[in-house]
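A quick write-up on the structure given underneath.
In the working numbering, the protein residues as written are 2 to 128.
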């Protein structure tokens, strides 16, 4: 297993957990006020809540695995696939005019960041 892999797993776990909490805020606001800073689109808030839930759970799994070398080894390949898909999906979507208008170039940076994270997990899965 790679040196510092458990710290990497923990850091990514904290980032997913924090990101999940942050993207859960608009759906929580929408539930209580029927709108949020993102507007009144119920479908948007539905999918944000779904993504937030997955990020929180994935982050908690990574945090648990950071202290368990066998579990950290077992989750490396699924995490490589997950982050790889997050990168691949963003390639065409980050170039969409509406995405560029609302989010700028941030999703393009996510393509590279998620690809690098996927690569680290892929290397760890082969160790």
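Cβ atoms here follow ideal geometry from the backbone N, Cα and C, with glycine treated the same way.
key: Rounded distance between the beta-carbons of residue 31 and residue 37, thought under 8 Å   = Residue 37 sits at position 36 when you count from the first residue of the chain shown. Residue 31 sits at position 30 when you count from the first residue of the chain shown. Yes, they are in contact, since the Cβ atoms of residue 37 and residue 31 sit about 5 Å apart, within 8 Å.
task = Give the range of the alpha helix (DSSP H) segment to which residue 46 is assigned.
result = Looking up residue 46 in the chain shown gives position 45. 43 to 67 is the span of the alpha helix (DSSP H), which, as asked, contains residue 46.
inquiry  = Is residue 17 close to the ligand MN? I mean its beta-carbon at under 6 Å from any heavy atom of the ligand.
reply    = Ligands in the displayed structure: none, and consequently the ligand MN is not present.
ask   = Skipping 5 residues on each side, what residues in its chain have a beta carbon closer than 7 Å to that of residue 3?
value = Working through the chain shown from its first residue, we reach residue 3 at position 2. Around residue 3: 124, 125, 128.
query = By DSSP, does residue 40 sit in helix, in strand, or in coil?
reply = Locating residue 40 in the chain shown gives position 39, where the first residue counts as 1. Reduced to three states, the DSSP call for residue 40 is strand.
task = With a floor of 4 residues, list each alpha helix (DSSP H) that falls wholly inside the segment 60 to 120, ordered by position along the chain.
result = 70 to 94, 98 to 104
query = In three-state terms, what does DSSP make of residue 128?
reply = Start at 1 with the first residue of the chain shown, and residue 128 comes out as number 127. It is coil, neither helix nor strand.
key: Where the alpha helix (DSSP H) containing residue 30 begins and where it ends   = Here the question's residue 30 lines up with position 29 in the chain shown. 6 to 34 is the span of the alpha helix (DSSP H), which, as asked, contains residue 30.
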